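Down below is the structure, laid out as structure tokens.
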Amino acid sequence: MDVDFVRRRLPGRSVVYLSSTDTTMREAAELAARGAALGTIVIAGEQTAGQGRHGRSWHSEKESGLYFSLLLKPDLVLTLALGLAVSDGIARVAGTACDIRWPNDVLLNGRKLAGILVQLAGSVAVAGIGINVNHGRFPAPLDGEATSLLLETGRALDREPLLIAVLESIAAYCRLLDQTGRQPILDMFTRHSSYARGKRVRVQHLGETITGTTEGLDPSGFLLVRKDDGALATILAGGVRPEQTASA
Amino acid sequence: MTLEEIRELIKVVTETAIAELEVQRGDNRVRIRRVAENRTPEVIYAAPAGVAPASIPTPPPTAPAPASSPASRAGEATPEKAAEGLLDPNLTLVKSPIVGTFYEAPAPGAQPFVQVGDTVQPGKVLCIIESMKLMNEIEAEVAGLIVSKLVVNGQAVEYGEALFAIKPL
Numbered sequence: 507m508d509v510d511f512v513r514r515r516l517p518g519r520s521v522v523y524l525s526s527t528d529t530t531m532r533e534a535a536e537l538a539a540r541g542a543a544l545g546t547i548v549i550a551g552e553q554t555a556g557q558g559r560h561g562r563s564w565h566s567e568k569e570s571g572l573y574f575s576l577l578l579k580p581d582l583v584l585t586l587a588l589g590l591a592v593s594d595g596i597a598r599v600a601g602t603a604c605d606i607r608w609p610n611d612v613l614l615n616g617r618k619l620a621g622i623l624v625q626l627a628g629s630v631a632v633a634g635i636g637i638n639v640n641h642g643r644f645p646a647p648l649d650g651e652a653t654s655l656l657l658e659t660g661r662a663l664d665r666e667p668l669l670i671a672v673l674e675s676i677a678a679y680c681r682l683l684d685q686t687g688r689q690p691i692l693d694m695f696t697r698h699s700s701y702a703r704g705k706r707v708r709v710q711h712l713g714e715t716i717t718g719t720t721e722g723l724d725p726s727g728f729l730l731v732r733k734d735d736g737a738l739a740t741i742l743a744g745g746v747r748p749e750q751t752a753s754a
Numbered sequence: 120m121t122l123e124e125i126r127e128l129i130k131v132v133t134e135t136a137i138a139e140l141e142v143q144r145g146d147n148r149v150r151i152r153r154v155a156e157n158r159t160p161e162v163i164y165a166a167p168a169g170v171a172p173a174s175i176p177t178p179p180p181t182a183p184a185p186a187s188s189p190a191s192r193a194g195e196a197t198p199e200k201a202a203e204g205l206l207d208p209n210l211t212l213v214k215s216p217i218v219g220t221f222y223e224a225p226a227p228g229a230q231p232f233v234q235v236g237d238t239v240q241p242g243k244v245l246c247i248i249e250s251m252k253l254m255n256e257i258e259a260e261v262a263g264l265i266v267s268k269l270v271v272n273g274q275a276v277e278y279g280e281a282l283f284a285i286k287p288l
């Protein structure tokens with residue numbers, strides 16, 4: 507990683523680079539607790555214990571992907587805005603159109619290209635983002651679920667310009683959220699994501715498996731699913747999969 | 120406006136033909152709107168500045184109240200105990216700041232952050248509330264004894280819903 511290039515492109519931002527760490531989430535949360543400014547970013551060359559949702563890990567092969575956490579202003583639809591922003595940044599640099607699986611899994615050809623997790627730390631949101639860029643393969647059981655830009659496009663990409671593009675998109679979407687409120691984010695998500703409306707899905711939700719068809723987002727950004735028995739379910743958290751290849 | 124008052128308002132909408140009801144008290148405004156298709160009232164908060172508004176799904180009026188949760192064990196939360204906790208002015212209630220899913224442990228199968236009977240210090244993580252992959256670690260604000268856990272692991276919780284009762288030490 508050419509950290510000098512990244513720092514030059516982010517004047518005024520605090521950029522911490524660690525060639526190897528357990529997880530950038532912990533590093534960033536500690537910086538937040540010590541009063542680090544919003545916009546502070548922690549980048550890792552590799553993570554030995556990259557975090558996913560509910561104790562899952564994020565495969566963080568050395569120098570193959572982008573693994574970073576940044577400090578942002580909290581908002582309930584921040585996670586949706588980040589999915590849009592990451593998808594937008596990837597599209598601008600790699601020229602690929604990604605799908606977003608609610609709430610914010612970035613998919614390419616149905617496989618997971620980027621993952622986003624946000625933890626509230628007091629009055630600061632710590633957003634962790636992992637993007638698979640130049641991975642040549644994934645170990646089982648990820649090989650059926652995950653993909654990289656290299657695997658999908660056949661081209662290796664410089665990670666630094668991609669990181670800058672994604673950070674620019676994040677700044678733009680956060681500014682939009684701050685200035686215009688949630689509705690534009692919800693509208694854009696609904697237009698962008700194939701999962702927002704009319705998608706047959708299976709969802710692990712509150713201890714049960716729901717099968718049905720998505721019916722858009724409610725005013726808070728929660729996913730509405732019309733169950734096969736006719737009832738409308740409001741999905742509060744992830745675990746949404748296409749009906750055919752359902753797995754939690 | 121208390122959660123109890125809001126529950127009363129939901130009851131009014133549920134038991135009548137009212138489609139939408141908006142009540143304002145000081146800075147607090149709540150609008151309850153019946154969703155036509157399944158007659159489920161929807162609560163939309165307009166909270167004071169700094170508090171995130173949230174929409175709370177409520178159970179349909181015909182849904183039977185669960186008699187008791189199979190997941191609750193002896194010594195843990197039951198509705199009766201929760202009510203006792205609410206009545207005891209010496210207890211501090213830890214409430215959910217967002218609508219989401221309650222998790223008692225950092226990962227499935229892991230040890231819960233706290234259990235009833237534990238003594239906690241301020242800053243101790245008590246649970247996680249997840250909303251759309253936004254993980255909100257709820258910390259104790261006072262030193263005290265965890266007297267009861269008022270919700271079950273994996274349960275949906277409302278904005279302002281009591282999660283734990285703590286007896287300050």
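Order-wise, the sequence lines are chains A and B.
Sequential numbering from 507 applies to the first sequence in the working numbering.
Sequential numbering from 120 applies to the second sequence in the working numbering.
Positions of the beta carbon are idealized from the N, C-alpha and C atoms, including for glycine.
Because the structure is a prediction, the values reported are computed rather than measured.
By the neighbour-count definition (other C-beta atoms within 10 Å, threshold 16), A/Val612 is a buried residue. Contact note: A/Thr585 reaches chain B through Ser250, Met251, Lys252, Leu253, using a C-beta cutoff of 9 angstroms and chain order. For A/Cys680, the enclosing alpha helix (DSSP H) stretches over residues 665-686. A/Val624 reaches chain B at Lys252, Leu253, Met254, counting residues in chain order whose Cβ is nearer than 8 angstroms. Under the Cβ criterion of 8 angstroms, A/Ala620 is not counted among the residues facing chain B. Separation of the CB atoms of A/His641 and A/Gly545 is rounded to 28 angstroms, and the pair is thereby denied contact status at 8 angstroms. Annotated as distal: A/Ala534 and A/Leu590, with beta-carbon spacing of 8 angstroms or more. Less than 8 angstroms separates the beta-carbon of A/Thr719 from that of A/Gly704. Within the segment 699-729 of chain A, the complete beta strand (DSSP E) segments at least 3 residues long are 703-711, 714-723, listed from N- to C-terminus.
In chain order, Leu683 place their CB closer than 7 angstroms to the CB of A/Asp581, counting only its own chain and leaving out the 5 sequence neighbours on each side.
Within 10 angstroms of the beta-carbon of A/Thr659 lie fewer than 16 other beta-carbons, which makes it exposed.
In terms of Cβ geometry, A/Ile549 and A/Val583 do not form a close pair [threshold 8 angstroms]. Between A/Leu576 and chain B, the shortest Cβ-Cβ separation is not below 8 angstroms. Contact of B/Ile217 with chain A is assigned, a C-beta pair being separated by under 8 angstroms. Taking a C-beta cut-off of 7 angstroms against chain B, the contacting residues of the segment 597-617 of chain A are Pro609, Asn610, listed in chain order. Your pair B/Ile248 and B/Thr211 does not check out as a contact, with CB atoms roughly 18 angstroms apart and the cut at 8 angstroms. Under the Cβ criterion of 8 angstroms, A/Ala743 is counted among the residues facing chain B. Residues of the same chain with a CB within less than 7 angstroms of the CB of A/Pro609, apart from the 5 flanking positions on each side, are Thr585, Leu586, Gly589, Gly744 in chain order. Residues of chain A with a Cβ closer than 9 angstroms to the Cβ of B/Gln274 are, in chain order, Leu712, Gly713.
In this structure A/Asn615 is exposed. Its beta-carbon is surrounded by fewer than 16 other beta-carbon atoms within 10 angstroms. Taking A/Arg519 as reference, the option from A/Asp528, A/Ser525, A/Asp664, A/Val509 with the minimal CA-CA separation is A/Val509. Comparing alpha carbon positions, the residue from A/Leu669, A/Leu657, A/Thr602, A/Leu692 closest to A/Pro725 is A/Leu692. Straight-line spacing of the CA atoms in B/Ile217 and A/Glu714 works out to 22 angstroms.
The criterion of a C-beta distance shorter than 8 angstroms is satisfied by A/Thr696 and A/Gly722. Not a single CB atom of chain B sits nearer than 8 angstroms to the CB of A/Leu648. Under DSSP, B/Asn255 forms a beta bridge with A/Leu626, B/Ile248. Around B/Ala262, the same chain offers Thr238, Val239, Gln240, Pro241, Pro287, Leu288 as residues with beta carbons nearer than 8 angstroms, after the five sequence neighbours per side are excluded. Setting aside the 5 residues that flank it on each side, A/Tyr679 is surrounded in the same chain by Ala587, Leu588, Leu590, Ala591, Asp594, Ile691, each with a C-beta closer than 8 angstroms to its C-beta; the list follows chain order.
Here A/Gly601 is exposed. Its C-beta has fewer than 16 other C-beta atoms within 10 Å. Only those residues of the segment 546-579 of chain A whose C-beta falls short of 9 angstroms from the nearest C-beta of chain B are listed: Arg559, His560, Gly561, Arg562. Chain-order list of chain A residues neighbouring B/Pro225: Gly561, by C-beta distance under 7 angstroms. It is roughly 30 angstroms from the alpha-carbon of A/Pro645 to the alpha-carbon of B/Ser250. Within chain A, the C-beta atoms nearer than 7 angstroms to that of B/Ala229 come from Gly561, in chain order. Going by C-alpha positions, A/Ala542 is about 20 angstroms away from A/Arg681. Buried is the label assigned to A/Val707, since at least 16 other Cβ atoms lie within 10 Å of its Cβ. Within the same chain, Cβ atoms closer than 6 angstroms to the Cβ of B/Glu280 are found at Ser215, the five residues on either side in sequence being excluded.
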